[in-house]
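Numbering of the sequence shown is given in this note's numbering, commencing with residue 3 and proceeding in unit increments.
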Amino acid sequence: MTTVIKGGVVVTADRSWKADVLVDGEKITAVGPDLKGDRVIDADGAYVIPGGIDPHTHLEMPFMGTTTAETFESGTAAAASGGTTMIVDFVLPGADGSLVNAVKDWHRKADGKICIDVGWHVAVTGWNERIWREMAEVVSMGVNTFKHFMAYKGALMVEDDEMYASFSRCAELGALPLVHAENGDIIDELQKKFMAAGQTGPEGHAHSRPPEVEGEATNRAIMIADAAGAPLYVVHVSCEQAHEAIRRARQKGMRVYGEPLVQHLTLDESEYFDKDWDHAARRVMSPPFRDKHHQDGLWAGLSAGSLQAVATDHCAFTTEQKRMGLKGFPSIPNGTGGLEDRLSVLWTRGVETGRLTPEEFVAVTSTNIARILNIYPRKGALVPGADADIVVWDPKLPKTIRAADQMSIIDYNVFEGFEVSAQPRYTISRGEVVWSHGRNARPRAGHGVYVPRPAFPAASRALSTWKELNSPRFIKRDPRNIPSGV
Ligand code: URP
Ligand code: ZN
Ligand code: ZN
3 MTTVIKGGVV
13 VTADRSWKAD
23 VLVDGEKITA
33 VGPDLKGDRV
43 IDADGAYVIP
53 GGIDPHTHLE
63 MPFMGTTTAE
73 TFESGTAAAA
83 SGGTTMIVDF
93 VLPGADGSLV
103 NAVKDWHRKA
113 DGKICIDVGW
123 HVAVTGWNER
133 IWREMAEVVS
143 MGVNTFKHFM
153 AYKGALMVED
163 DEMYASFSRC
173 AELGALPLVH
183 AENGDIIDEL
193 QKKFMAAGQT
203 GPEGHAHSRP
213 PEVEGEATNR
223 AIMIADAAGA
233 PLYVVHVSCE
243 QAHEAIRRAR
253 QKGMRVYGEP
263 LVQHLTLDES
273 EYFDKDWDHA
283 ARRVMSPPFR
293 DKHHQDGLWA
303 GLSAGSLQAV
313 ATDHCAFTTE
323 QKRMGLKGFP
333 SIPNGTGGLE
343 DRLSVLWTRG
353 VETGRLTPEE
363 FVAVTSTNIA
373 RILNIYPRKG
383 ALVPGADADI
393 VVWDPKLPKT
403 IRAADQMSII
413 DYNVFEGFEV
423 SAQPRYTISR
433 GEVVWSHGRN
443 ARPRAGHGVY
453 VPRPAFPAAS
463 RALSTWKELN
473 SPRFIKRDPR
483 NIPSGV
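Dropping the structure here:
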């Protein structure tokens, strides 16, 4: 059966024009005027955009002594209701340290539950021969990104020599290293200092993670990536110090990408000084929300191209879980939600204010992400042959964000009370309407599939042995290992 999405303005990363979109089964088959199909979806007065891709989520993830409360089912349903048709979730190795087992574990959690498509990033949280070997196997399982935490000392944090070795391995496997860039040693010191001084509440979280620790780590990660001949993707860029390092690196021709979160673009550190402990703790995440002046630079980076992707880092804990840190902020589980509201909030605060064009909005919520993660044009594009992941985006469909109305199973929403002007009229995932405003169509567990992401073109030289890679030498930069374009 064919479906035609009729009467809308098609918006892609490079242009907008009045056209219909024809879908046959799971794929787009045509984009153009006066198309006919067995079924018609009305897009009159709306934009027709590629489905959103959230490149940074943590569903059902064990972290800081608990597990994120958002499940694969609830999280992907929430995403669909907000116009997101694919997420890329973070796989953490379990107690056995195996990357391969961790990927299998994530498949077990997601299979049959997900309502939209998913992909994986895999975290490298230490360094040994097994991890080195399994990285190649994980790439063959459809993962082309490896995450490195420079914070969370004593838990997930990696040292510089481990990062250098892992980045080098990424370079030869055609994978892209990701970093959580904060200096974990300094944070550890500052946490102890503020706790000893009696500053035990959520405001201590902000004070112990100043922008300088993010700027330093971002610079360091960029230099290590350059030495290893690897590209780099910096997750949750929250401040000018980190953005400046990325901007400078890109001007020098380094392939470095920056991902701000919709939370950092719209919420600031005053949240941590709220008199209500629960309110403040619910917003504890790393890096923390920043002083307002950082936001202008992040917005500018999105339109100027020094920052490429807007994510949510959806890592949602209930209020009850947050209360694990009542006696001291270092024990508050780090993470906030947002995947349901990313597009509406970004449109309202970005496009409606003139900071972003509709095309830039599509680029940073979908197309750039698909290109950086090497799934373009299957995802992130409205062209014949692409997956029919499409949103009929109604710019005149306002709502007030309320936790009471959300699909997410969390008992609060960090955007509570935000007035947004736009929402999906329909969300279509691989040809199926998985959400319609008014809730006639609702997300269906089991509809989503895993989307493997191929490695970037491999280097011509042979892969190193474990011994070679770990000798103190620098690997010559090979441009064929570097994703292109964005
Ligand atoms: O606070 C955060 N960001 N929690 C999720 C884990 C991470 O650091 O990305
Ligand atoms: Zn992080
Ligand atoms: Zn994260």
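Just so you know, even glycine gets a beta-carbon here, dropped at the ideal spot from N, CA and C.
Since this is a predicted model, take the numbers as computed values, not measurements.
- Counting the other Cβ atoms within 10 Å of the Cβ of T355 gives fewer than 16, which makes it exposed.
- Distance from the Cα of A232 is smallest, within the candidate group G440, Y259, R249, A244, for Y259.
- C-alpha of H439 to C-alpha of G330: approximately 42 Å in a straight line.
- Proximity to T68 across F363, F420, S333 peaks at S333, based on C-alpha coordinates.
- Less than 7 Å divides the Cβ of P213 from the Cβ of Q243.
- In this structure, P262 places its C-beta atom within 7 Å of the C-beta atom of L300.
- Remark: the C-beta of H182 is in contact range of ligand 2, defined as less than 6 Å to any heavy atom.
- Under DSSP, I43 forms a beta bridge with I7.
- When secondary structure is reduced to three states using DSSP, K115 falls in the coil class, being assigned neither helix nor strand.
- Residue I30 holds the alpha-carbon nearest to the alpha-carbon of T5 among I30, D16, R17, T359.
- The beta carbon of A282 is closer than 8 Å to those of G203, P204, E205, E273, Y274, F275, D276 in its chain, skipping five residues each way along the sequence.
- Only exposed fits D278, as fewer than 16 other CB atoms lie within 10 angstroms of its CB.
- According to the DSSP assignment, P360 belongs to the alpha helix (DSSP H) that extends over 360 to 364.
- Our two residues, I118 and F196, have alpha carbons roughly 43 Å apart in a direct line.
- Counting other Cβ atoms within 10 Å of its Cβ, L358 reaches 16 or more and is therefore classed as buried.
- Taking each of K254, V451, D26, R284 in turn and checking the Cα distance to A71, the smallest one comes out for R284.
- Set against 6 Å, the gap from the CB of D56 to the closest heavy atom of ligand 1 is not smaller.
- Considered as a whole, the region 62 to 92 harbours 74 to 83 as its complete alpha helix (DSSP H) runs of no fewer than 4 residues, in chain order.
- Between ligand 3 and D91, a heavy atom-to-CB distance of less than 6 Å is absent.
- Residue pairing by DSSP places T59 opposite D91, H316 in a beta bridge.
- If you check the C-beta of C317 against ligand 1, you find a heavy atom less than 6 Å away.
- Between G27 and G433, the C-beta spacing is below 7 Å.
- Measuring C-alpha to C-alpha distances from D162 to each of D298, S142, V126, M143 identifies V126 as the nearest.
- The Cβ-Cβ distance between V366 and I51 does not fall below 7 Å.
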